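Peer 1:
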Amino acid sequence: MWYPIGFTVLANPSAATVKVNTDGTATLLTGTVETGQGALTVLGQIAAETLGLSTDDVHVVSGDTDVTPMDTGAIASRTTYVTGNAIVKAAEKAREILFEAAAPLLNVKPNQLEARDKRIQVLGFPSSSIPISDVVQHSESVVGNPAIGSASYNPPTLAMDPETGQGKPFNTYVYATQIADVEVDDETGEVEILKIVAVHDCGTPINPMLVEGQIQGGISMGVGFALQEEILFEEGRQINPNLTNYIMPTSLDMPELEVGLVDNYDPTGPFGAKGAGEPTAVPTAAAIMNAIYDAVGVRITSLPATAERVMMAILEKQDSEKTAATG
Amino acid sequence: MATRNKDIQTDTDQVIKTEKAKSPSSQPLSVPTDNPVVYPLDLPQGEARLRTPAVGQRASRPDGRLHGLGQTQYIDDITFPHMLHAKILHSDHAHARIVSIDTSEAEKMPGVLATLTGAEVPENSFGPTFQDQPILAYPIVRHRGDGVAAVAAVTEQLAMEALEKIKVEYEPLTPVFDPLEAIEDDSPKIHGESNIYTSKIIKKGDVEKALKDSPHVFHRQYTTQMVEHVPLEPQATIASWDGNGRVTIWSSLGRITLGREDISRTLAIPQSRIRLIGTIVGGNFGGKNEIRNEPIVALLSKKSRRPVKCVFTRDEEFTSSTIRHPFIMDYTTGVNDEGLILARKIRLVLDGGAYCSWTGTTIGKGSILAPGPYNIENVFVEAYAVYTNKTTTGAMRGFGAPQVCFAYESQMDEIANKLGIDPLEIRLKNGFSENSLSPTSQTLQSVALKESLNQASDRFGWKEWKA
Chain A
1 MWYPIGFTVL ANPSAATVKV NTDGTATLLT GTVETGQGAL TVLGQIAAET
51 LGLSTDDVHV VSGDTDVTPM DTGAIASRTT YVTGNAIVKA AEKAREILFE
101 AAAPLLNVKP NQLEARDKRI QVLGFPSSSI PISDVVQHSE SVVGNPAIGS
151 ASYNPPTLAM DPETGQGKPF NTYVYATQIA DVEVDDETGE VEILKIVAVH
201 DCGTPINPML VEGQIQGGIS MGVGFALQEE ILFEEGRQIN PNLTNYIMPT
251 SLDMPELEVG LVDNYDPTGP FGAKGAGEPT AVPTAAAIMN AIYDAVGVRI
301 TSLPATAERV MMAILEKQDS EKTAATG
Chain B
328 MATRNKDIQT DTDQVIKTEK AKSPSSQPLS VPTDNPVVYP LDLPQGEARL
378 RTPAVGQRAS RPDGRLHGLG QTQYIDDITF PHMLHAKILH SDHAHARIVS
428 IDTSEAEKMP GVLATLTGAE VPENSFGPTF QDQPILAYPI VRHRGDGVAA
478 VAAVTEQLAM EALEKIKVEY EPLTPVFDPL EAIEDDSPKI HGESNIYTSK
528 IIKKGDVEKA LKDSPHVFHR QYTTQMVEHV PLEPQATIAS WDGNGRVTIW
578 SSLGRITLGR EDISRTLAIP QSRIRLIGTI VGGNFGGKNE IRNEPIVALL
628 SKKSRRPVKC VFTRDEEFTS STIRHPFIMD YTTGVNDEGL ILARKIRLVL
678 DGGAYCSWTG TTIGKGSILA PGPYNIENVF VEAYAVYTNK TTTGAMRGFG
728 APQVCFAYES QMDEIANKLG IDPLEIRLKN GFSENSLSPT SQTLQSVALK
778 ESLNQASDRF GWKEWKA
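This is the structure we're talking about:
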């Protein structure tokens, strides 16, 4: 499986503002919205990393058009990559102000400094350092330059030729493999998924725990797409628009999951990261259908593979085998 | 009748009084201040949150704690004094022309403070690519999920009863439900002169010649169904105007900057007069990536001069928000004896439902990804999105990728089985590696496909299991 990060060709920028407080904590302003995936935690970690702070040092403010800068939004698996890149650039600007303020105090040039372990220190000589909080106070109260930075990022793309579709629609892609182990009841057609192994590439994970959570959630969505979920229509009217008759997987339907991440680093992403939102749900149905074939020798070409559909395919196979044997 | 409404009014007054008591004037939101649970406010943080460097830490989420304590405020938890509840009347037909709408009986009901129809919306259209969706359909309804009128009343129950008093006269039009019928020249037309509203071609090499020269050619049609995002929290909105003619909208939308642009366009007021607050979203998965009821609620709030809330029912979440595109996918693939793919020809037909929504992105990603992550010199993909009189299909986790992945990975296994090659081997043999060229001839970087294949098969115990 492969999946792109960001919009197809179209500009999809994000902007961010990072402010460092005089006690060495910081505030990140982002126009994205937390939709349950843990994006704000990841974005805070990216700001913290750039400033040499811990995750807990950064408070993230989001989701208010009166307060937060432009963001294309929580869509297209773009938040970590696009908004993350904007945050790195914004935090670097704030950090540059701190380097300018600290350089004369440490008798070096600003480009000889780094932000690490909550201190501004001389590159390769950590014993010559000042706590970030002192540098912020000095920059703000003595130099008169508060540590604040704003920046934006948009992934570079190239338009697709209208005749041939040739072009560079995305700046980067992720890859994944899922393998399913299933048991099929050949008298009822019921499919039970015993185990799914999922190994995904997301570049370098900013927060491995949250990536694993995304993969687990994505698989549950993939299981529903594969086996159960289907909106049914009669003359254009949905006949099962409720959770009684629209069957989706619950925790009881979830198989054993083994989740792995590939070691990878994308130089175009924030600290090597790409993304992990949508692709986690992409390969599950294909893996399950291939496992069904492996188990009972029938190829399901129309989703979802409900028990009825699998049973019909098994009966057809048995009939054609019988015909072949007698014919 | 009068007595019952009086009771409702009394109930409402009582509710408002209780709410007021709960929320002092300094706090506009009704935070549950009477909650007996005492939260430790000086809590110890998980170690991962305190460590540097921050990247790579398994840091816990601050919002997770609030969810666990029930402190997260979703829109359904937010209430204001004098707030009204909105309900939307949906179409009785999949395809029809509205002859007339009469809201007068509903307006006469005590406790009903405002009604709205599509004709009253300043700019009655929206959509991320084409602005072909109405806020409230008028005069044409194109699927049963189209809203045709809305009501704001002091309770949800009353608003629902008021919907029953709205009289809509329709002139039915011939509907079309099957995308393969809709694609035909003589099919009923849903917008304009053709039901094909967007298409995509990806062309590399000479697919016809390469298929002719291929020792083995595989053909299969794959189809997928309509599915719904099913977020735990249905779409929800509150709108409230201040004395300066500025509106604040709380919304479960996942993209507020562009949402504000769309609301500004539909209401025909400057963006500077709109504050859009994206609350914590109880699940998005793509279904909350465009505005939906925000303009309706804002206009009802303006007419009634009260804050107005609208929360979709589960039924409406299915029928009136967007869902995933069903795909009809024809795959023809030529391979040599060793299982190397020589050519792949693909035709995709997307059932677009009644409006375009995020189809542009879905058909784009679907077409580009359709050949799969495999080195194929000869590729031809043609994709068509077709309007039908069914629920609008839009953004949903993967934008067409789960559909095409089901097709290309199923066919990879079919080829492997037929040629007696291990399914893992055939993928390693054809798979992308660093600097591979994509179907659009992009040089790919940071490619970890084979690493994922190897690690997954090792963890699964593929070799032992196959032996």
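Top to bottom, those sequences are chains A and B.
Position 173 of the first sequence, counting from 1, maps to 173 under the working numbering, and the rest follow consecutively.
Count along the second sequence from 1, then add 327; that gives the number in the working numbering.
All C-beta atoms in this analysis are idealised placements derived from N, C-alpha and C, irrespective of residue type, glycine included.
A quick note: this is a predicted structure, and the numbers were derived from the prediction, not measured.
Looking only at its chain, what residues have a beta carbon closer than 6 Å to the beta carbon of A/PRO249, apart from the 5 residues adjacent to it on each side?
Peer 2: Residue mapping note: residue 249 of chain A aligns to position 249 of the first sequence, counting from 1. Excluding residues within five positions, the ones whose Cβ falls inside 6 Å are SER220, VAL223, GLY224.
Peer 1: Could you have a look at B/TRP685 and say whether DSSP puts it in helix, strand or coil?
Peer 2: For the purposes of this step, residue 685 of chain B is taken as residue 358 along the second sequence, with counting starting at 1. Reduced to three states, the DSSP call for B/TRP685 is coil.
Peer 1: My guess is that B/ALA775 and A/ASN264 are in contact by the Cβ rule of under 8 Å, so how many angstroms apart are they, rounded?
Peer 2: Numbered from 1 along the second sequence, position 448 holds the residue referred to as residue 775 of chain B. Numbered from 1 along the first sequence, position 264 holds the residue referred to as residue 264 of chain A. Indeed they touch by this definition, with Cβ atoms about 5 Å apart.
Peer 1: Out of A/ILE179, A/ARG237, A/VAL259, state which residue places its alpha-carbon closest to the alpha-carbon of B/VAL503.
Peer 2: As a position in the second sequence, residue 503 of chain B is number 176, starting the count at 1. Minimum Cα distance to B/VAL503 is reached at A/ARG237.
Peer 1: Given this structure, state the Cα-to-Cα distance separating B/VAL495 from A/GLY277, to the nearest angstrom.
Peer 2: Position 168 of the second sequence, counted from the start, is the residue given in the question as residue 495 of chain B. Position 277 of the first sequence, counted from the start, is the residue given in the question as residue 277 of chain A. When rounded, the distance between both Cα atoms is 43 Å.
Peer 1: What does a CB cutoff of less than 7 Å around B/SER352 pick up in its chain, not counting 5 residues either side in sequence?
Peer 2: Along the second sequence, read from residue 1 onward, the residue named residue 352 of chain B stands at position 25. Only weak support exists for where B/SER352 lies, its pLDDT of 48 falling under 50; the value from the coordinates is given anyway. So the list is empty, once near-sequence residues are dropped.
Peer 1: How would you write the range of the beta strand (DSSP E) that A/SER133 sits in, first residue to last?
Peer 2: Sequence index remark: in the first sequence, residue 133 of chain A carries index 133 (1-based). Premise fails: A/SER133 lies in the alpha helix (DSSP H), 132 to 137, not in any beta strand (DSSP E).
Peer 1: Flag A/LYS109 as yes if its beta-carbon sits less than 8 Å from any beta-carbon of chain B, otherwise no.
Peer 2: In the first sequence, counting from the first residue as 1, residue 109 of chain A sits at position 109. Not one chain B Cβ lies under 8 Å of A/LYS109.
Peer 1: Please classify B/ALA670: does DSSP put it in a helix, a strand, or coil?
Peer 2: Numbered from its first residue, the second sequence carries residue 670 of chain B at position 343. If DSSP states are grouped into helix, strand and coil, B/ALA670 belongs with the strands.
Peer 1: Give a yes or no on whether 8 Å exceeds the smallest Cβ distance from B/TYR683 to chain A.
Peer 2: To locate residue 683 of chain B, count along the second sequence from 1; it is residue 356. Before going further, note that residue 683 of chain B is Cys rather than Tyr in the sequence given. No, because no Cβ of chain A sits closer than 8 Å to the Cβ of B/CYS683.
Peer 1: In angstroms with no decimal places, state the Cα-to-Cα distance between A/ALA285 and B/GLY474.
Peer 2: Locating residue 285 of chain A in the first sequence gives position 285, counting from the first residue. Locating residue 474 of chain B in the second sequence gives position 147, counting from the first residue. The straight-line gap from Cα to Cα measures roughly 34 Å.
Peer 1: 8 Å is my cut-off, CB to CB: does A/ASN21 come that close to chain B?
Peer 2: The residue you call residue 21 of chain A lines up with position 21 of the first sequence. No, because no Cβ of chain B sits closer than 8 Å to the Cβ of A/ASN21.
Peer 1: Could you say which of A/GLU100, A/ALA226, A/GLY275, A/ASN12 lies nearest to A/HIS138 if we only look at CA atoms?
Peer 2: Position 138 of the first sequence, counted from the first residue, corresponds to residue 138 of chain A. Nearest of A/GLU100, A/ALA226, A/GLY275, A/ASN12 to A/HIS138, Cα basis: A/GLU100.
Peer 1: Does the Cβ-Cβ distance between B/HIS661 and B/SER541 come in under 8 Å?
Peer 2: The residue labelled residue 661 of chain B in the question sits at position 334 within the second sequence. The residue labelled residue 541 of chain B in the question sits at position 214 within the second sequence. Checking the displayed sequence, the identity of residue 661 of chain B turns out to be Gly instead of His. In contact: B/GLY661 and B/SER541 (Cβ atoms closer than 8 Å).
Peer 1: Here's the rule I'm using: 16 or more other beta-carbon atoms within 10 Å means buried, otherwise exposed. How should B/GLY788 be labelled?
Peer 2: For the purposes of this step, residue 788 of chain B is identified with residue 461 of the second sequence, where counting begins at 1. Under this definition B/GLY788 is an exposed residue.
Peer 1: Mind checking which residues open and close the beta strand (DSSP E) that includes B/SER578?
Peer 2: Here the question's residue 578 of chain B lines up with position 251 in the second sequence. B/SER578 -> beta strand (DSSP E) spans 574 to 578.
Peer 1: Whose CA, out of B/LEU594, B/VAL439, B/SER591, lies closest to the CA of B/GLU483?
Peer 2: Mapped onto the second sequence, residue 483 of chain B falls at position 156. Closest by alpha carbon: B/VAL439.
Peer 1: Determine, using beta-carbon pairs with one atom in the segment 541 to 550 of chain B and one in the segment 639 to 649 of chain B, whether at least three such pairs fall under 8 Å.
Peer 2: In short, these stretches do not touch, since the Cβ pair count stays below three.
Peer 1: For A/HIS200, which residues in chain B fall below 7 Å Cβ to Cβ?
Peer 2: Numbered from its first residue, the first sequence carries residue 200 of chain A at position 200. Going along chain B in sequence order, the residues near A/HIS200 (Cβ under 7 Å) are SER779.
Peer 1: Give me the Cα-Cα distance between A/HIS200 and B/SER760, rounded to the nearest whole angstrom.
Peer 2: On the first sequence, position 200 is the one that residue 200 of chain A refers to. On the second sequence, position 433 is the one that residue 760 of chain B refers to. A/HIS200 and B/SER760: Cα-Cα distance of roughly 15 Å.
Peer 1: For the alpha helix (DSSP H) holding B/VAL534, just list the boundary residues, first then last.
Peer 2: Looking up residue 534 of chain B in the second sequence gives position 207. From DSSP, the alpha helix (DSSP H) with B/VAL534 extends over 534 to 540.
Peer 1: Who are the near neighbours of B/SER765 in its chain, counting only those whose CB is closer than 7 Å to its CB and skipping five residues on each side?
Peer 2: Here residue 765 of chain B corresponds to residue number 438 of the second sequence, with the count starting at 1. Contacts found: LEU771.
Peer 1: Measure from the C-beta of A/PRO347 to each C-beta in chain B and report whether the shortest distance is under 8 Å.
Peer 2: Chain A is shown from 1 up to 327; residue 347 of chain A falls before or after that span and cannot be answered.
Peer 1: Would you please state the rounded distance, in angstroms, between the beta carbons of A/ILE299 and B/GLU741? I believe it to be under 8 Å.
Peer 2: As a position in the first sequence, residue 299 of chain A is number 299, starting the count at 1. As a position in the second sequence, residue 741 of chain B is number 414, starting the count at 1. Note that residue 299 of chain A is Arg in the sequence shown here, rather than Ile. Going by Cβ atoms, the distance from A/ARG299 to B/GLU741 rounds to 7 Å, so yes, they are a contact pair.
Peer 1: When DSSP builds the beta bridges, which residues end up paired with A/SER129?
Peer 2: To locate residue 129 of chain A, count along the first sequence from 1; it is residue 129. Note: A/SER129 sits in a beta bridge opposite A/GLN121.
Peer 1: When you compare only the Cα positions, how much space is there between A/VAL61 and A/LEU29?
Peer 2: Numbered from 1 along the first sequence, position 61 holds the residue referred to as residue 61 of chain A. Numbered from 1 along the first sequence, position 29 holds the residue referred to as residue 29 of chain A. If I take the Cα positions, the gap works out to 5 Å.
Peer 1: Please look up how many angstroms separate the CB atoms of A/ALA283 and B/GLU736, rounded, as I've assumed it's under 8 Å.
Peer 2: Position 283 of the first sequence, counting from 1, holds the residue named residue 283 of chain A. Position 409 of the second sequence, counting from 1, holds the residue named residue 736 of chain B. According to the sequence as given, residue 283 of chain A is Pro; it is not Ala. 7 Å between Cβ atoms; contact.
Peer 1: Of all the CB atoms in chain C, is at least one closer than 8 Å to the CB of B/CYS732?
Peer 2: The structure shown contains no chain C; the protein chains it does contain are A and B.
Peer 1: Compare the C-beta of A/MET248 with all C-beta atoms of chain B and state if any pair is closer than 8 Å.
Peer 2: Counting from one through the first sequence, the residue named residue 248 of chain A turns up at place 248. Taking Cβ atoms only, chain B reaches closer than 8 Å to A/MET248, which makes this a yes.
Peer 1: If you draw a straight line from the alpha carbon of A/PRO4 to that of A/MET160, how long is it in whole angstroms?
Peer 2: Indexing the first sequence from 1 puts residue 4 of chain A at position 4. Indexing the first sequence from 1 puts residue 160 of chain A at position 160. Distance between the alpha carbons of A/PRO4 and A/MET160: 15 Å.
Peer 1: Name, going along the chain, the residues of the segment 221 to 234 of chain A whose beta-carbon falls closer than 9 Å to a beta-carbon of chain B.
Peer 2: Listed by position, the residues of the segment 221 to 234 of chain A near chain B (Cβ gap below 9 Å) are MET221, GLY222, GLY224, PHE225, ALA226, GLU229, GLU230, ILE231, LEU232, PHE233.
Peer 1: For the structure I just gave you, are there three or more beta carbon pairs, one from the segment 514 to 525 of chain B and one from the segment 702 to 718 of chain B, closer than 8 Å?
Peer 2: Yes, the segment 514 to 525 of chain B touches the segment 702 to 718 of chain B.
Peer 1: Examine the Cβ distances between the segment 145 to 164 of chain A and the segment 79 to 98 of chain A and report whether three or more of them are shorter than 8 Å.
Peer 2: With a cut-off of 8 Å, the segment 79 to 98 of chain A and the segment 145 to 164 of chain A count as touching, because enough Cβ pairs lie within range.
Peer 1: Alpha carbon to alpha carbon, what distance is there between B/GLY472 and B/SER779?
Peer 2: As a position in the second sequence, residue 779 of chain B is number 452, starting the count at 1. As a position in the second sequence, residue 472 of chain B is number 145, starting the count at 1. Using only the alpha carbons, I get a separation of about 42 Å.
Peer 1: For B/SER664, which three-state DSSP category applies?
Peer 2: Here residue 664 of chain B refers to the residue found at position 337 of the second sequence. Here the sequence assigns Asp to residue 664 of chain B, which means Ser is not the residue at that position. Here B/ASP664 sits in coil by DSSP.
Peer 1: Apart from the five residues on each side of it in sequence, which residues of its chain come closer than 6 Å, Cβ to Cβ, to B/TYR401?
Peer 2: Working through the second sequence from its first residue, we reach residue 401 of chain B at position 74. Answer for B/TYR401: GLU560, GLY609, listed in chain order.
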